[in-house]
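Numbering (the numbering used here), first residue to last: 1 to 214. From the three backbone atoms N, C-alpha and C, an ideal C-beta is built for every residue, glycine too.
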């Protein structure tokens with residue numbers, strides 16, 4: 001009976017440590033890939049928009065695939081202002097990565113975390129992939145809609161200097177694939193307390209059981 005209790009409490013502690021979900025502003029990872037572009041010679045961009053409350057951007061994930069042959073090139077990811085439905089000036093650099101650091105076995109979510117950036121309400125911004133030394137890392141273009149898509153409709157993508165609406169044929173989407181959120185998922189304070197309590201109870205019961213066996 002005590003063994004069952006210990007196991008039950010252990011399961012409680014494990015389940016309590018499951019991270020809470022971050023708030024998603026844009027996501028099209030569920031869309032099947034229908035193409036890709038690199039920043040080898042021309043930068044690539046995807047727009048997104050905030051709502052009435054603005055947004056605190058703290059994490060960007062891009063669906064990328066590295067080159068099949070190793071190279072010494074690199075690329076940068078940045079947050080850009082909007083200029084009449086085109087990418088405007090750079091607001092903040094979100095990170096730089098070598099091509100060799102990106103998986104070349106299919107498209108995978110590549111994460112860029114940074115100090116939160118406060119975005120204005122009801123405003124359009126762009127995420128850009130740029131390179132000054134010929135990066136061959138590819139950014140996937142997805143076609144939707146698919147269940148789980150967030151914030152894709154009514155946006156724009158800059159495909160090698162050509163601006164297009166994400167929406168075509170009235171109901172279908174094409175867009176560079178990314179996920180934007182207010183930060184990586186982390187345990188909520190109440191969840192962390194519950195997890196600590198569960199682990200403490202497990203340790204106490206184990207000590208009592210050892211004492212009874214002596």
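In chain order, which beta strand (DSSP E) runs of at least 3 residues are fully inside the stretch 100 to 177?
108 to 119, 124 to 130, 138 to 144, 156 to 159, 162 to 165, 172 to 176
My assumption, with CB atoms under 8 Å, is that residue 21 sits in contact with residue 151. Please give the rounded CB distance.
Translated into positions along the chain shown, residue 21 becomes position 21. Translated into positions along the chain shown, residue 151 becomes position 151. Residue 21 to residue 151, Cβ: 16 Å. No contact.
What are the boundary residues of the beta strand (DSSP E) that residue 81 is part of?
In the chain shown, residue 81 corresponds to position 81, counting from 1. It spans 74 to 82 - the beta strand (DSSP E) in which residue 81 sits, taken as one unbroken run.
For residue 95, write down the residues that DSSP places opposite it in a beta bridge.
For the purposes of this step, residue 95 is taken as residue 95 along the chain shown, with counting starting at 1. DSSP, once it has assigned bridges, lists 77 as partnering residue 95.
Would you mind giving the Cβ-Cβ distance between residue 146 and residue 30, rounded to the nearest angstrom? I have them listed as a contact below 8 Å.
Residue numbering aside, residue 146 sits at position 146 when the chain shown is read from its first letter. Residue numbering aside, residue 30 sits at position 30 when the chain shown is read from its first letter. Yes, residue 146 and residue 30 are in contact; Cβ-Cβ is about 4 Å, under 8 Å.
In chain order, what residues of the same chain have a beta carbon less than 8 Å from the beta carbon of residue 111, not counting five sequence neighbours either side?
As a first step, residue 111 is located in the chain shown; it is residue number 111 there, counting from the start. Here the set comprises 59, 60, 61, 184.
Tell me which same chain residues have a C-beta within less than 7 Å of the C-beta of residue 120, skipping the five on either side of it?
Walking along the chain shown from the start, residue 120 turns up at place 120. Around residue 120: 50, 54.
Near residue 232, what residues of its chain come up, given a Cβ to Cβ distance below 8 Å and the 5 sequence neighbours on each side ignored?
The question about residue 232 has no answer, for the chain in this structure spans 1 to 214.
Apply the 10 Å Cβ neighbour rule to residue 66 and answer buried if 16 or more other Cβ atoms are within range, or exposed otherwise.
The residue given as residue 66 occupies position 66 in the chain shown. Counting Cβ neighbours within 10 Å, residue 66 comes out buried, since at least 16 surround it.
Using alpha carbons as the reference points, say which of 108, 35, 81 lies closest to residue 64.
Position 64 of the chain shown, counting from 1, holds the residue named residue 64. Of the candidates 108, 35, 81, the one whose C-alpha sits nearest the C-alpha of residue 64 is 108.
Quick one, which of 68, 118, 34, 85 has its alpha-carbon nearest residue 92's?
Position 92 of the chain shown, counted from the start, is the residue given in the question as residue 92. Selected option, being the one with the closest Cα: 118.
Considering only their Cβ atoms, is the gap separating residue 136 from residue 40 smaller than 7 Å?
Here the question's residue 40 lines up with position 40 in the chain shown. Here the question's residue 136 lines up with position 136 in the chain shown. For residue 40 and residue 136, yes; Cβs fall inside 7 Å.
Who are the near neighbours of residue 163 in its chain, counting only those whose CB is closer than 7 Å to its CB and skipping five residues on each side?
As a working mapping, residue 163 is identified with position 163 in the chain shown. The residues are 85, 86, 156.
The beta strand (DSSP E) spanning residue 35 covers which residue range?
Here residue 35 corresponds to residue number 35 of the chain shown, with the count starting at 1. Run containing residue 35: 33 to 38, per the beta strand (DSSP E) assignment.
So if DSSP puts residue 90 in a beta bridge, which residue, or which two residues, is it bridged to?
Reading the chain shown from its first residue, position 90 is the one you call residue 90. 80.
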